[in-house]
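Working notes, structure below.
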Amino acid sequence: MAEEPNRRQYDAAAAQTKWQAYWADHSTFRPLDDGSKPRRYVLDMFPYPSGDLHMGHAEAFVMGDVIARYWKLCGYDVLHPIGWDSFGLPAENAAIKNNAHPADWTYANIDTQARSLHRYGLSFDWSRRLHTSDPEYYRWTQWLFLQFYRRGLAYRKASYVNWCPKDQTVLANEQVVQGVCERCGTTVTKRQLTQWYFRITDYAQRLLDDMTALEGQWPDRVLAMQRNWIGRSTGATVRFTVPGRTEPITVFTTRPDTLFGATFMVVAPDADLAQELVTDDQRAEFEAYLERTKQATEIERQSTERPKTGVFLGRYAINPVNGDSIPIWAADYVLAEYGTGAIMAVPAHDQRDLDFARAFDLPVTMVIDTGEGDPAQTGVATAGDGVYVNSGLLDGLANKAEGIARINAQLAADEVGEPTVTFRLRDWLLSRQRFWGCPIPVIHCPEHGAVPVPEDQLPVELPDLRGAALAPQGTSPLAAATDWVNVPCPICGRPSQRDADTMDTFVDSSWYFYRYCSPQDEKAAFDPAEVAKWMPVDQYVGGVEHAILHLLYSRFFTKVLFDLGLIDFQEPFQRLLNQGQVINQGKAMSKSLGNGVDLGAQIDEFGVDAVRLTMVFAGPPEDDIDWADVSAAATVRFLQRAYRLAADVTSEVGADPATGDQAVRRVTHRIMGEITDLLEIRRFNVVVARLMELVNATRKAIDTGVGPADPAVREAAEFTAIGLSLVAPYVAEEMWQELGQPPSIADTTWPTIDPQLRAAEAATMVVQVQGKIRAKLTVPADITDADAEAMALADENVQRALDGRAVAKVIVRAPKMVSIVPAK
RNA sequence: GCCGGAGUGGUGGAAUUGGUAGACACGCGAGAUUUAGGUUCUCGUGCUCGCAAGGGCGUGCAGGUUCAAGUCCUGUCUCCGGCACCA
């Protein structure tokens, strides 16, 4: 049945079209940038342009939008920009398939997403839009790379790297998840390659230390994950002399106090050290073992259940504390990349060492008696506290900290070791053998080696390759583009080659939030003066999937920019909000499960406001939303109810609410006060619940109370519209217009709450006798303690509960509660 | 194993500093409107005993502190997320 035009109904589709145009025409969400207001920067993690927006985007963006719109109403000059992280593999794969250029697919998808973002009613400043794949952007990614290079923070190194056989490219450590490629799920293998790295390990301690400032501002789990990833561990380095070798072997241990129990050593088979130590007699066996190790996938290698394997290298080392000669083995349970790639094995007190000792019949010496039995017999290594035995200077001691201190002192005195800190974090491998990324601005000259491209020749633009020319070959497609690759050396002019790899796309996204501050700058990556005005970011919003990669890299970049003197702060994001996922029927949406929910279809059916409001109301922002558990249809009904309040108000614009009904005002101010508090602590779902209460209360006031002409009802309806504008901006604009107010509601101000009105609502007072509630009395909000007590004792239910007993004690918390303790 | 988080009705979830457990919704039930279905509106809805008035129980489990515990303390179980042969 066709609806007649009705001012008591709002038409979601028409409102969307109308207000999108209005906001664009009036630059409603472009910051004034004139210094007249305090500034705030709200940043959403920028999307990757793979197809249209999905439900997950919708949830993330609405959370950021609530904050941005709230701050704008509170009188801040809000920067809320948007752009695209537009380099990356899917574009390249699409180009190969369609015999096209990756840019075709990329920019077409960006257009699609941009239209959807407009429709979704987000308060973005579109004038600052950027794409990381634009030469105007990646020119400065290259420039930043060169600054890192000059500071010695970008370097080339040959080593075994993670290799994805499907994508035919190397991966950063952070991109290998449980032994498989984070992107395509293929099992990752190892390859020896010479690649570019960023020296993020130099910043490990600072990255760790500065997290204390983020405590309470970032989710605990993100901080925990980063700490975990950085993996600081304290211990000692100990040098073991090796007969027949000038250099000692250095190991790292967290338990130097167990040194007397070190009965053998183990080196990583793929470390250079193993190659060098192995005797000729053992070489054949070692080489065979090394080959097997290299072929083992990460998954096999990481399996804890896997039996220990290894090979004796034919050499011995001297235990520096007791002079014992101990054999040196190679085994793949020792990692070449961690510590020094060699360990002292203490089988009695480390389960891995004990498993190895038992497998190869090596001696086990208990040096800490924990009373749990000798590990050599039980097969269970003991790691707890106990009394030192067989430990020379430590014998009899029962304190681990003291034991470590004493042995460290001894090692220092003998000049064979010292306290040391080691990190799990490894340098960031940034080369990728792919086309659709930022070219590394380096030219390899036979004479001068790696030569930076002069800054005035940036950007090094990508050549026009398409289709099959982009197919994975194990080397970068750029290497085959001879016209592009072959260039003269910038120093000597000799025939040289460009570096044919591109950068990890996480480099692009590690600084985009700086670019937003001066997006059209042609002279610099960013204008330090603009950055000083807006940054650091006040609120960052995005998925927890970036808890380590993107956020750690961005923090690293920020510290380097600080060291370069370009900025004066060391953390880029002051507050972080991780919104949850949108799932359906208990599971992540996926094609194979057939449980996908299409955002566009939801919007077509319910309207943008209802979809946004449903997302916000579903639960706390960090929680996952199961779309099967929520009802967008119910939200549509609520929005219509809210709209009808505005349509019903009959008082004049500007009618003084002070002349209106005070009971209505008390409810309005109490609820809006609560909403303000809830916004500060980001409980947006409860904000919506309170708005529903306000709508219900105002409805009642109109229908069965003071009626639509009371100025207090106008105030309630206006406050409702303003509160609603954060979440459901289109219906809020319609309400605002219906109330006779000039557009846009986004240009009004957040209501001032009258604290007296807020506090003055009548309260329900609970009376407890012996801790049990015996009465609920309605009392004035300003009741005195004495009156409250008297009222409580006068209540007949209370008297019945007292049952004639005398009152021993009364605790009064007027106007909420009176607690009576009877005498025994 | 280590680190982080969470356990509240049939469901999603509320509950600043200890002070009415279950706000607000969904769902469900009853009624009104409607030719019917849907919509809309009203009332009810933690469990339990009771015709009722009014009791008893109740925030994973077991203790404790307190006039008062979802909230604090001790122990314990379960689930989710991250890391993990990291020396």
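For any residue, its number in the working numbering is found by taking its place in the first sequence, counting from 1, and adding 5.
For glycine and all other residues, C-beta sits at the position ideal for the given N, C-alpha and C.
Could you tell me the alpha carbon to alpha carbon distance between residue i and residue j, rounded to whole angstroms?
| i | j | result |
| --- | --- | --- |
| P500 | K299 | 36 Å |
| M50 | G547 | 5 Å |
| P224 | W234 | 16 Å |
| L264 | A336 | 20 Å |
| Q502 | F518 | 33 Å |
| M6 | G605 | Residue placement at M6 is flagged as unreliable, the pLDDT there being 30, under the threshold of 50; a coordinate-derived value is accordingly withheld. |
| R174 | P95 | The question names Arg, but residue 174 in the sequence shown is Thr. Answer to the nearest angstrom: the Cα atoms are 14 Å apart. |
| F203 | A108 | 27 Å |
| K272 | I348 | Looking at the sequence shown, residue 272 is not Lys but Val. V272 and I348: Cα-Cα distance of roughly 6 Å. |
| A637 | F611 | 7 Å |
| L582 | Y545 | 6 Å |
| H123 | L84 | 17 Å |
| L149 | L48 | 22 Å |
| F574 | R134 | 24 Å |
| R120 | D277 | 55 Å |
| H354 | L295 | 27 Å |
| S730 | T33 | 14 Å |
| D70 | T725 | 18 Å |
| P477 | T619 | 44 Å |
| A19 | M740 | 14 Å |
| P457 | L198 | 20 Å |
| P43 | A537 | 13 Å |
| T487 | Q147 | 21 Å |
| L434 | T206 | 12 Å |
| V774 | D792 | 17 Å |
One question on the structure: do residue i and residue j come within less than 9 Å of each other, judged by their Cβ atoms?
| i | j | result |
| --- | --- | --- |
| P747 | N690 | no |
| Q667 | L762 | yes |
| I750 | A765 | no |
| E679 | R704 | no |
| L569 | Q152 | yes |
| H674 | I788 | no |
| A806 | R779 | yes |
| M508 | R431 | no |
| F440 | L483 | yes |
| Y125 | V692 | no |
| F291 | V256 | no |
| D504 | A455 | yes |
| V351 | D358 | yes |
| F871 | P332 | Nothing about residue 871 can be read from this structure; the chain reaches only from 6 to 829. |
With a 10 Å radius around its C-beta and 16 neighbouring C-beta atoms as the bar for buried, classify residue i as buried or exposed.
| i | result |
| --- | --- |
| G157 | exposed |
| H551 | buried |
| V817 | buried |
| Q200 | buried |
| L598 | exposed |
| E723 | buried |
| P380 | buried |
| P655 | According to the sequence as given, residue 655 is Thr; it is not Pro. T655 comes out exposed. |
| H62 | buried |
| C186 | buried |
| N491 | exposed |
| I686 | exposed |
| A783 | It should be pointed out that residue 783 corresponds to Thr in this sequence rather than to Ala. It is exposed - the Cβ of T783 has fewer than 16 other Cβ atoms within 10 Å. |
| N103 | exposed |
For residue i, which three-state DSSP category applies?
| i | result |
| --- | --- |
| T709 | helix |
| D532 | coil |
| S164 | strand |
| K42 | coil |
| V602 | coil |
| G809 | coil |
| T146 | helix |
| E220 | strand |
| V326 | coil |
| K538 | helix |
Ignoring anything shorter than 3 residues, give me the beta strand (DSSP E) runs that lie fully in the region 415-466, in order along the chain. 422-427, 447-450, 454-457
If you scan the region 614-697 from start to end, which runs of the alpha helix (DSSP H) of 4 or more residues do you find wholly inside it? 637-653, 667-685
Which parts of the region 225-302 are runs of the alpha helix (DSSP H), unbroken and 4 residues or longer, counting only runs that do not cross its ends? 225-235, 277-282, 285-300
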